[in-house]
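Q: Residue numbers (the UniProt record's numbering): 1 to 713. Don't be surprised by glycine CBs; every beta carbon is placed ideally from N, CA and C.
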């Protein structure tokens, strides 16, 4: 029998009850009647509703109709109705409306609890009406609409259930169909329009259904599969057959699976639209397609690489300046680079470019080169042993363009296959023109080298003769220098004796030994005394330098202290310091150790340095300092002035004999130019040195460095 038409929408409770009553009277089966009841209650209260009762011919209880419940929740209600120990089962023996908590049901599938209302005869409820989240546990308050439905539809549903139970047993196509569907290896699913699962075969349940005792991992995998399935199902249209791919997860193995989803909308006998989905496993097919695509991509990449390698090889061969030819085993040319083409296959001349005769000559020379090359290969292929893989020979080819001879060295190598068979011959030509030219130049160089060697021998003999002359001249110069030094020493001594007498008599006259003198006489004698002393100083410097050069300046080593020595120097220089009107200061370190050296020479060096500082300083002052450097066991006596300073280019010049910064006859400062030279030589005798730091206009600092204990030389 056909199902009754769907309930029309109602606008008032009285009209809604009347419409439901009319619809119930038209129903001929318990399932259709239950469907009308649950839909009417769901619209009135906006809650999920189910009607539970026995199956066909008194079989296990089932959910006759439901609205807003999943297939898993319907199964929980059916099992709880039949389970002897469940709270819902006790409701069958104790009639009356009752509220059930979530803990009283299997799996806690109804977290908000539910309201159970009996339908049928009082005391023997065969059918129950369950409304989710209409009331809490305990004795509930039954809404009037629910009580009216129970009183109106209950007897009708109970009578239809009893009538169905008394009907003769018919074949069970649903059970057979379920077995057939479970035998299908592909997952088969029946869902509502929103993707809610209504039915699944065994393979589908393995992917999309997790029981209450399922592990957490399986539950998460099933939840992920359900979400992916619903999202993919929502992408299809409401009509027609659709095919899509959906990725799922194997809940047992955890592997990624790829299915082809085929969906077909179907109109159920009771009116609502459902969707039949078949999942076909295409994982292996996808992997095979992916592997095939990868192989195809690798093949294309290999082809591109081979073409690129061939092009690169061509470019490499063309970039080589030497001609290269690849021949087959019979000697025929297979490939050649550009330099080889110019020798063996010159390009034809364009029409009208040149007369025919030059073009014919070019081709003739190219063919001649080919004949020589063929003869060369024949020697490699026929006239040598089989184990010879290389053959070298010298050929004289002709330039096809000019006809000039080209001496070449040809090196041919056999190319063998995997089995040792001959697959080709590679020949490389080297131009020997430069080699021959270098050989000719080498011979010329040898000739020139022989000539140069003879000239060098002659020049060496002349040089040896000149060296001998120079040696003799050096000996003569040394003798002359020694004679000069001896002469200067003697003459200085001879000059100093009468000069000392002159200075002595002058001093006596100035002291008034011979009587009083007039002021002009005293002024003239004072000038004589000053010039005489200056001359004596010059003679002493010349005598010192000659004695040092002659090696007749001895060292007198004694113990002395630097403070006393510097005090004597300041006392002797006191008149000059007074005349200069400069500020002269001394700075000594505390507790300077004693010195073992030549006291007179140290004093002479300090006197010369201080005298120069006073001479070349007009403003400011002079500072004399002494310090002991423990790390090197040396003393450093510095004389620092604020004078005119010395340029870097002249700082070495002033230490040479008879040299000054200004050596012109009109120089502003006098002197022989021997003072600093004597200071450096005396410092060297003491085992020390004299250093200088100076810049023009910034003053100068002369420092004597000498060891604490001098050594005799």
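#1: For residue 569, name the three-state secondary structure that DSSP assigns.
#2: Just how far apart, CA to CA, sit residue 124 and residue 100?
#3: With distances taken Cα to Cα, identify the nearest neighbour of residue 260 among 18, 228, 448 and 254.
#4: Do residue 80 and residue 119 have their C-beta atoms closer together than 7 Å?
#5: Please list the terminal residues of the continuous alpha helix (DSSP H) segment that includes residue 653.
#6: What span of residues does the beta strand (DSSP E) with residue 791 cover, start to end?
#7: Can you tell me whether residue 516 is helix, strand or coil according to DSSP?
#8: Spell out a yes or no on whether the stretch 522-532 and the stretch 506-514 are touching, meaning 3 or more CB-CB pairs, one atom from each, closer than 8 Å.
#9: Under a Cβ-count criterion, where at least 16 other Cβ atoms within 10 Å of its own Cβ denotes burial, should residue 316 be classed as buried or exposed?
#10: Tell me the DSSP secondary structure of residue 629 in three-state form.
#11: Please report the distance separating the alpha-carbon of residue 311 from that of residue 318.
#12: Taking the beta carbon of residue 300 as the centre, do at least 16 other beta carbons fall within 10 Å, making it buried, or is it exposed?
#13: In the DSSP output, what is residue 145 paired with across the bridge?
#14: Sorted by chain position, which residues of the same chain lie with C-beta nearer than 8 Å to residue 417's C-beta, five sequence neighbours on each side aside?
#15: By DSSP's criteria, residue 640 is part of a beta bridge. Which residues make up the other side?
#16: Relative to the C-alpha of residue 253, which residue among 577, 207 and 400 is closest?
#17: Count the other CB atoms within 10 Å of the CB of residue 255; is the residue buried (16 or more) or exposed (fewer)?
#18: DSSP has residue 394 in a bridge; who is on the other side?
#19: Classify residue 209 as helix, strand or coil using the three-state DSSP reduction.
#20: Residue 577 and residue 614 look like a contact to me (Cβ under 8 Å); what is the Cβ gap, rounded to whole Å?
#21: Quick check on the burial criterion: 16 or more other C-beta atoms within 10 angstroms. Buried or exposed for residue 98?
#22: Counting pairs of Cβ atoms below 8 Å between the stretch 276-288 and the stretch 174-194, do you hit three or more?
#23: Give the C-beta separation of residue 258 and residue 247 to the nearest angstrom, bearing in mind that I take them to be a contact with Cβ-Cβ under 8 Å.
#24: So does the stretch 649-658 actually touch the stretch 617-627, counting three or more Cβ pairs closer than 8 Å?
#25: Cα-Cα, which of 625, 560 and 682 is closest to residue 589?
#26: Starting from the C-beta of residue 709, find all residues in its chain whose C-beta is less than 7 Å away, skip the five residues before and the five after it, and write them out in chain order.
#27: Could you give the distance in angstroms between the alpha-carbon of residue 667 and the alpha-carbon of residue 696?
#28: Could you give the residue range of the beta strand (DSSP E) that holds residue 590?
#29: Of the choices 610, 532, 340 and 687, whose alpha-carbon is the least far from that of residue 410?
#30: Check for me: the beta strand (DSSP E) holding residue 281 runs from which residue to which?
#31: Whole angstroms is fine: what's the gap from residue 425's alpha carbon to residue 324's?
#32: Compare the beta carbon distance of residue 69 and residue 83 with 7 Å and say whether it is the shorter of the two.
#33: Compute the distance between the beta-carbons of residue 274 and residue 263, then report whether it is under 7 Å.
#34: Among 637, 218 and 641, whose alpha-carbon lies nearest the alpha-carbon of residue 622?
#35: If residue 562 and residue 607 are in contact, beta carbons under 8 Å, what's the gap, nearest whole angstrom?
#36: In the DSSP assignment, the beta strand (DSSP E) including residue 611 goes from what residue to what residue?
A: Walking through what the data contain:
#1: By 1-based counting over the chain shown, the position of residue 569 is 569. If DSSP states are grouped into helix, strand and coil, residue 569 belongs with the helices.
#2: In the chain shown, the residue the question calls residue 124 occupies position 124. In the chain shown, the residue the question calls residue 100 occupies position 100. Bear in mind that the predicted position of residue 124 carries a pLDDT of just 47, short of 50, making it unreliable; the figure below should be weighed with that in mind. So the two alpha carbons sit approximately 19 Å from each other.
#3: Numbered from 1 along the chain shown, position 260 holds the residue referred to as residue 260. Among 18, 228, 448 and 254, the Cα nearest to that of residue 260 is on 228.
#4: Your numbering for residue 80 matches position 80 in the chain shown. Your numbering for residue 119 matches position 119 in the chain shown. Taking 7 Å as the Cβ cut-off, residue 80 and residue 119 do not qualify as a contacting pair.
#5: Residue 653 sits at position 653 when you count from the first residue of the chain shown. Here residue 653 belongs to no alpha helix (DSSP H), and DSSP marks it neither H nor E.
#6: This structure gives no information on residue 791, because the portion of the chain shown stretches from 1 to 713.
#7: What you label residue 516 is simply residue 516 of the chain shown in a count that begins at 1. Three-state result, residue 516: coil.
#8: yes
#9: Numbered from its first residue, the chain shown carries residue 316 at position 316. Per the 10 Å Cβ criterion, exposed.
#10: Stepping through the chain shown from its first residue, residue 629 is reached at position 629. Looking at residue 629 - three-state DSSP - the assignment turns out to be strand.
#11: By 1-based counting over the chain shown, the position of residue 311 is 311. By 1-based counting over the chain shown, the position of residue 318 is 318. About 10 Å.
#12: In the chain shown, counting from the first residue as 1, residue 300 sits at position 300. Residue 300 comes out exposed.
#13: As a position in the chain shown, residue 145 is number 145, starting the count at 1. According to DSSP, which records beta bridges pairwise, residue 145 is partnered with nothing at all.
#14: Against the chain shown, residue 417 aligns to sequence position 417. Counting only Cβ-Cβ distances below 8 Å, and skipping sequence neighbours, we find 423.
#15: Taking the chain shown and counting its residues from 1, the one referred to as residue 640 is at position 640. Beta-bridge pairing links residue 640 to 623 and 701.
#16: As a working note, residue 253 is residue 253 in the chain shown. Checked all of 577, 207 and 400; the closest Cα to residue 253 is 207.
#17: As a position in the chain shown, residue 255 is number 255, starting the count at 1. By the 10 Å Cβ count, residue 255 comes out exposed.
#18: As a working mapping, residue 394 is identified with position 394 in the chain shown. Residue 394 is bridged to 409.
#19: Translated into positions along the chain shown, residue 209 becomes position 209. Looking at residue 209 - three-state DSSP - the assignment turns out to be coil, as it is neither helix nor strand.
#20: Residue numbering aside, residue 577 sits at position 577 when the chain shown is read from its first letter. Residue numbering aside, residue 614 sits at position 614 when the chain shown is read from its first letter. The Cβ separation is near 7 Å, so the contact holds.
#21: Sequence index remark: in the chain shown, residue 98 carries index 98 (1-based). Classification for residue 98: buried.
#22: yes
#23: Sequence index remark: in the chain shown, residue 258 carries index 258 (1-based). Sequence index remark: in the chain shown, residue 247 carries index 247 (1-based). Confirmed, Cβ separation roughly 6 Å.
#24: no
#25: Position 589 of the chain shown, counted from the start, is the residue given in the question as residue 589. Considering only alpha carbons, the answer is 625.
#26: Here residue 709 refers to the residue found at position 709 of the chain shown. Contacts found: 596.
#27: Start at 1 with the first residue of the chain shown, and residue 667 comes out as number 667. Start at 1 with the first residue of the chain shown, and residue 696 comes out as number 696. Its pLDDT being 45, under 50, residue 667 is placed unreliably in this model, and the coordinates cannot settle the point.
#28: On the chain shown, residue 590 is found 590 positions in, with the first residue counted as 1. Where residue 590 is concerned, there is no enclosing beta strand (DSSP E), given that its DSSP letter is neither H nor E.
#29: The residue labelled residue 410 in the question sits at position 410 within the chain shown. Comparing Cα-Cα distances from residue 410 to each of 610, 532, 340 and 687, the minimum goes to 340.
#30: Within the chain shown, numbered from 1, the residue matching residue 281 stands at position 281. 273-281 is the span of the beta strand (DSSP E), which, as asked, contains residue 281.
#31: Residue numbering aside, residue 425 sits at position 425 when the chain shown is read from its first letter. Residue numbering aside, residue 324 sits at position 324 when the chain shown is read from its first letter. Distance between the alpha carbons of residue 425 and residue 324: 10 Å.
#32: Translated into positions along the chain shown, residue 69 becomes position 69. Translated into positions along the chain shown, residue 83 becomes position 83. Contact: no.
#33: Numbered from its first residue, the chain shown carries residue 274 at position 274. Numbered from its first residue, the chain shown carries residue 263 at position 263. Against a cut-off of 7 Å, the Cβ pair of residue 263 and residue 274 comes out as no contact.
#34: As a working note, residue 622 is residue 622 in the chain shown. Of 637, 218 and 641, the residue nearest in Cα terms is 641.
#35: As a first step, residue 562 is located in the chain shown; it is residue number 562 there, counting from the start. As a first step, residue 607 is located in the chain shown; it is residue number 607 there, counting from the start. Rounded, the Cβ-Cβ distance is 14 Å, inconsistent with contact.
#36: Within the chain shown, residue 611 is the residue found at index 611, counting from 1. Segment 599-615 is the alpha helix (DSSP H) holding residue 611; no beta strand (DSSP E) there.
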